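In the working numbering, the protein residues as written are 6 to 125.
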């Protein structure tokens, strides 16, 4: 198995520049979310390492069994998800959250789909 080098393309370089432009509190919250998922035994050590090593490209981490879905570790993505969820609950239609999430700007940037579990 080989490691994917995200910096060989323009998109990866742009994401790395965006990561370095983020405030230190954003990067701290990201790392906290990843480590919290590991401490709560929701993600594997391999997923944790991958999320910390490629933090500029990963917004969600797959959860290990018996959990299902994805753990949101990107603070911006988590805020977007919570806002969409709040709007859907006020409208009374929770099924629309996934459809709105796929069209969200952050979801397009990180390309994540599926069930999610979120820690702030």
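Where is the CB? At the ideal position from N, CA and C, for every residue including glycine. As the structure is a computational prediction, the values presented were derived from the model and not from experiment.
Output the distance between the C-alpha atoms of residue 19 and residue 26, rounded to the nearest integer angstrom. In this structure, the CA atom of residue 19 is about 11 Å from the CA atom of residue 26.
Same chain only: Cβ atoms within 7 Å of residue 68, ignoring 5 sequence neighbours per side: Closer than 7 Å at Cβ, skipping near neighbours: 47, 48, 74, 75, 76, 122.
Through-space distance from residue 70 to residue 28, alpha-carbon basis: One C-alpha to the other measures close to 34 Å.
Assigned secondary structure, residue 67 (DSSP; H/G/I helix, E/B strand, else coil): Residue 67: strand per DSSP, three-state reduction.
Going by DSSP in three states, residue 77 sits in which element: helix, strand or coil? Residue 77 carries a strand assignment under DSSP once its states are collapsed to helix, strand and coil.
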